[in-house]
Each structure stands twice: as C-alpha cells, then as structure tokens.
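The C-terminal residue of the sequence shown carries number 287 in UniProt numbering, and the numbering is unbroken.
Structure record follows, encoded as structure tokens.
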Amino acid sequence: MEVCIFFLCAMIFLPGIAAASVHPVQAFLHHTVYLSCYFPNSQKFDVKDLIIFWQKESKKVLHEVYHGQEKHDNLSPEYINRTKVDMGKWTLQLLNAEIEDEGLYQCIIQKIVEQSKEVVHQSECSLRIVANYSQPEIAELHSGELKPNGYLNLSCSSSGGYPEPKEMTWLISHENITHSSTAHMDVSQDAVTKLYNVTSKLNIPVPTKSRTNISCLLHLREQLGSLVSVPLGIEIQEKEMEQAKINFFGPLIAVVVLITSALLLGFVILKKNSKILSTSQSVSLAV
Numbered sequence: 001m002e003v004c005i006f007f008l009c010a011m012i013f014l015p016g017i018a019a020a021s022v023h024p025v026q027a028f029l030h031h032t033v034y035l036s037c038y039f040p041n042s043q044k045f046d047v048k049d050l051i052i053f054w055q056k057e058s059k060k061v062l063h064e065v066y067h068g069q070e071k072h073d074n075l076s077p078e079y080i081n082r083t084k085v086d087m088g089k090w091t092l093q094l095l096n097a098e099i100e101d102e103g104l105y106q107c108i109i110q111k112i113v114e115q116s117k118e119v120v121h122q123s124e125c126s127l128r129i130v131a132n133y134s135q136p137e138i139a140e141l142h143s144g145e146l147k148p149n150g151y152l153n154l155s156c157s158s159s160g161g162y163p164e165p166k167e168m169t170w171l172i173s174h175e176n177i178t179h180s181s182t183a184h185m186d187v188s189q190d191a192v193t194k195l196y197n198v199t200s201k202l203n204i205p206v207p208t209k210s211r212t213n214i215s216c217l218l219h220l221r222e223q224l225g226s227l228v229s230v231p232l233g234i235e236i237q238e239k240e241m242e243q244a245k246i247n248f249f250g251p252l253i254a255v256v257v258l259i260t261s262a263l264l265l266g267f268v269i270l271k272k273n274s275k276i277l278s279t280s281q282s283v284s285l286a287v
C-alpha cells in the first residue's frame with residue numbers, strides 16, 4: 001500500500017508535473033475502453049525503472065506496473081480481471097465498460113533513481129459511456145378508421161440508450177414541404193441498467209390533403225447525431241373525403257334552401273298583401 005500512498009502524495013505535492021489538458025475518451029457500453037498515458041518517453045526510460053499507475057479520480061486503482069511487472073495487490077475490487085496493459089503503447093484496456101465507469105482517470109509514471117521516486121509524467125482522460133438507442137418507432141393510439149374531421153393521436157418511443165437525449169421532434173411532410181414540431185418528451189431511467197427510455201406524443205387534425213408522411217426524430221447528445229423513425233403514411237380515401245364533404249355541405253345547403261324558401265314565401269305573402277291593400281284603396285275611392 002506504500003506505493004499507492006506515495007502516488008497520491010505525488011499528485012498533490014508536485015504541481016510542477018501538472019497534467020496536460022484532459023483527453024476525452026468515448027466508449028460503447030460493454031465494449032473495451034483504451035486509456036492511454038500519452039507518454040512520449042522522449043528520454044527512452046526502461047520500463048523496469050518505472051512505476052506506472054492508472055487510477056480513477058485519485059481514489060480507485062485500476063492497474064499497477066512496478067519495475068516492469070504487473071501488481072494486483074492494491075486494485076479496487078470492481079477492476080479485478082477487467083484490465084490489460086500494452087506497455088508498447090503505454091495504454092490500459094478496460095474491459096466490458098459499464099456506465100458506472102464514467103469519470104476522470106489519471107495515469108502517473110514515476111522514475112526510480114537511487115532508491116528515490118520522481119514523477120516524470122502524468123495525464124488525465126475523461127471517459128464517457130454511450131449506449132445506442134433503438135430506432136424510434138411510431139404507434140397509432142387512436143382506434144377505428146381515420147375520419148377527415150377527426151384527430152390523429154400518435155406516440156413515438158425509443159429505448160435502451162445512454163446518455164439522456166436532447167429532444168424529440170416530429171416531421172410532417174406533404175408535397176415536398178416539411179413542417180417540424182417539438183413536443184414534450186417523457187424520459188425514464190432504469191434503476192438497474194441506468195439506460196433511458198423516451199416517449200413523445202402528437203395530436204393533430206387528420207390531414208385532409210393527399211398523402212402525408214409523419215416521422216419522429218430523436219436528437220442525441222455528445223455529437224452523436226440523431227435517429228429517425230420509419231415514416232408513417234396517412235392517406236384519406238376519396239370516398240371518405242366525399243362523404244365528409246356531404247356531411248359538411250349537406251346541412252349547410254339545407255339551411256340555405258330553407259332560408260331562401262322562407263324569403264320567397266315572405267316575398268309572395270308581402271306582394272299578395274300589397275295587392276289586396278291596393279284593391280281596397282281603389283274600391284274606397286270609387287265609393
């Protein structure tokens with residue numbers, strides 16, 4: 001344990017050997033992570049004269065090479081049998097990466113000179129784990145056949161991904177014109193796997209134009225791009241459109257006819273009354 005204690009002290013009390021900028025590392029869930037020391041070894045040190053450590057956030061030891069030999073006495077339990085070292089490339093392989101492995105890793109190299117130890121190099125890597133989301137899938141929540149005057153009720157879901165995505169948008173396309181709409185996205189995280197499931201809903205009037213394609217787009221983080229669903233095609237049959245027109249215009253025409261008839265009847269009655277009044281006035285004058 002003496003070696004590890006010295007390693008931690010070296011990091012704290014030797015600011016002259018400051019780590020360079022943090023190197024971003026990205027790996028897929030359950031794949032192998034490559035954590036490099038980024039050590040140029042310009043002085044051609046012999047590995048037998050060095051002590052090399054990989055640690056996570058200055059607390060957990062992943063791997064240790066002492067005088068050219070691997071040591072396992074001080075390893076944190078979660079990293080036992082999960083690491084391999086390539087001293088030719090000064091790189092540590094972390095096997096079967098988990099979401100819990102995310103974080104900051106340090107590589108410290110110490111030189112042994114006349115029974116003393118000197119830090120000659122240190123570097124840092126920031127590990128991010130990525131898990132692929134399933135292709136977004138659209139489901140129709142409404143029941144029965146679509147009617148021209150009704151509403152379209154849809155949901156779009158994607159599951160098993162990491163990290164949490166940015167947002168989900170809907171794309172509505174008709175005759176080479178596409179409109180986008182960003183709806184609320186429900187997000188849930190599995191308590192065991194830490195993976196995310198997302199769902200978004202869309203409620204719009206049934207498109208009354210010819211064919212309309214609806215897709216949903218899942219926007220990911222960490223410059224991972226986006227995923228798009230298979231388009232859902234909506235097309236109302238012509239007979240349904242005609243029936244909708246009849247249902248709409250039929251009562252309207254009936255009202256117009258009724259009003260017109262009432263006006264004509266009123267006009268006839270008015271004209272008839274006017275004639276009677278005119279006749280009565282003529283008779284009165286004759287008397």
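Glycine residues also receive a C-beta, built at the ideal position from the N, C-alpha and C atoms.
Which of helix, strand or coil DSSP assigns to residue i
i    : result
Q43  : coil
E102 : coil
E235 : coil
F248 : Residue confidence for F248 is low, a pLDDT of 43 falling below 50, so the modelled location carries little weight; the figure read from the coordinates is stated next. Helix, per DSSP.
P207 : coil
E240 : Its pLDDT being 46, under 50, E240 is placed unreliably by the model, and nothing is read from it.
Y133 : coil
Y196 : strand
K48  : helix
E57  : coil
Y38  : coil
P24  : strand
E175 : coil
S124 : For clarity, residue 124 is Glu in the given sequence; the question names Ser instead. In this structure, E124 counts as strand in the three-state DSSP scheme.
Range of the contiguous beta strand (DSSP E) that encloses residue i
i    : result
A139 : E137 to E140
L94  : T91 to L94
G160 : Y151 to G161
L29  : Segment: none, L29 is in no beta strand (DSSP E) and carries neither H nor E.
S226 : S226 to V228
D86  : T83 to D86
Cβ-Cβ separation, residue j to residue i (assumed contact under 8 angstroms), whole Å
i    : j    : result
L94  : V192 : Incorrect: roughly 21 angstroms between the Cβ atoms, too far for contact.
L104 : L62  : About 12 angstroms; that fails the 8 angstroms criterion.
A139 : Y162 : Incorrect: roughly 23 angstroms between the Cβ atoms, too far for contact.
R128 : E102 : 6 angstroms
K71  : E64  : 5 angstroms
N51  : Y66  : Per the sequence shown, the amino acid found at residue 51 is Ile instead of Asn. Confirmed, about 5 angstroms.
S229 : Q135 : 7 angstroms
Residues bridged to residue i [DSSP beta-bridge criterion]
i    : result
C216 : W170
S181 : W170
V113 : S116
K201 : S155
H67  : Partner(s): none; H67 has no beta bridge.
Residue i Cβ short of 7 angstroms to the ligand FAD heavy atom set
i   : result
T32 : Ligands in the displayed structure: none, and consequently the ligand FAD is not present.
(request) Spell out a yes or no on whether the segment 113 to 124 and the segment 195 to 214 are touching, meaning 3 or more CB-CB pairs, one atom from each, closer than 8 angstroms. (result) no
(request) Would you check if the segment 151 to 158 and the segment 187 to 201 touch, i.e. whether three or more CB-CB distances between them fall below 8 angstroms? (result) yes
(request) Answer yes if the segment 19 to 30 comes into contact with the segment 45 to 65, meaning at least three C-beta pairs across the two stretches below 8 angstroms, and no otherwise. (result) no
(request) Report yes or no: do three or more beta-carbon pairs, one from the segment 168 to 182 and one from the segment 140 to 151, lie closer than 8 angstroms? (result) no
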